[in-house]
Amino acid sequence: MFIPGNDSMKEILKGQNNFISNASNFAAYIFQTMKDINWIGFYILDGDEMLVGPFQGKPACVRLTLGKGVCGTAAQKKEILIVPDVENFPGHIACDADSKSEIVLPIIKDGILYGVLDIDSPLPARFSHEDANELSESLQILIESSDLEALSIYYQTSSE
Ligand code: SME
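Start counting the sequence shown at 418; every next residue gets the next number (the working numbering).
So this is what it looks like as structure tokens:
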């Protein structure tokens with residue numbers, strides 16, 4: 418059973434404020450405990466694009482453009498997006514043909530966007546509003562545990 422926002426996540430992230438380290442363990446923990454998902458990972462803001470960060474699952478698209486696809490739309494709108502059928506989402510970017518539904522949560526601290534958390538499922542309509550609430554709680558633990566300013570400085574210097 419996946420119990421987000423619980424003591425396990427706090428325990429896993431305790432004593433470390435490096436986002437990449439914390440996001441790696443965050444992704445690994447949820448990948449191990451949440452049922453019926455085939456990909457979980459982070460896309461981190463880099464100008465008007467996002468660059469792939471720590472993830473679990475098959476190798477993924479490296480760069481996404483703000484405003485495009487599910488991740489880019491969630492980032493631009495700064496809203497959680499639940500997509501029950503990815504084939505019906507205009508501009509959906511297919512990194513893994515197995516993915517049928519998707520949830521994307523923006524990473525926002527003090528009103529500033531740093532990227533998104535993306536989770537894919539091989540099942541249609543896998544993600545509920547309850548999942549969104551629970552994942553938001555977990556993501557909040559990650560955001561509060563990590564130095565996001567250091568992250569954005571590091572990622573803004575990336576290149577092709
Ligand atoms: N499907 C996403 C792209 C990222 S992958 O699923 C890992 C999108 O449409 O933005």
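Glycine included, C-beta positions come from ideal geometry on N, C-alpha and C.
This structure is a prediction, so every number in the text was calculated from the model and none was measured.
Proximity of residue i and residue j at Cβ, strictly below 7 angstroms
i, j, result
"ILE457", "GLN433", "no"
"CYS478", "CYS512", "yes"
"LEU540", "ASP453", "yes"
"ALA440", "PRO476", "no"
"GLN493", "LEU483", "yes"
"PHE544", "ILE570", "no"
Start-to-end residues for the beta strand (DSSP E) that takes in residue i
i, result
"MET467", "466-474"
"ILE457", "456-463"
"ASN532", "According to the sequence as given, residue 532 is Gly; it is not Asn. Residues 529-538."
"LEU498", "498-500"
"SER518", "518-526"
Residues near residue i in its chain [Cβ-Cβ closer than 7 angstroms; skip 5 each side]
i, result
"ASN442", "ILE429 and LEU430"
"GLU561", "none"
"PRO501", "SER518, PRO541 and ALA542"
"GLY508", "LYS485 and GLY486"
Residues near residue i by beta carbon distance below 8 angstroms, same chain, minus five either side
i, result
"SER516", "ASN455, TRP456, VAL503, ASP537, SER538 and PRO539"
"PHE459", "ALA440, ALA444, VAL469, GLY470, PRO471, PHE472, ILE524, GLY532, VAL533, LEU534 and ASP535"
"LEU530", "LEU462, ALA492, LYS495, PRO523 and ILE524"
Opening and closing residue of the alpha helix (DSSP H) in which residue i lies
i, result
"ILE570", "565-573"
"LEU483", "That residue, LEU483, is in no alpha helix (DSSP H); it is neither H nor E in DSSP."
"ASN550", "546-562"
"GLU428", "424-430"
Residue i beta carbon near the ligand SME (any heavy atom closer than 6 angstroms)
i, result
"ILE524", "no"
"ALA477", "yes"
"ASP537", "yes"
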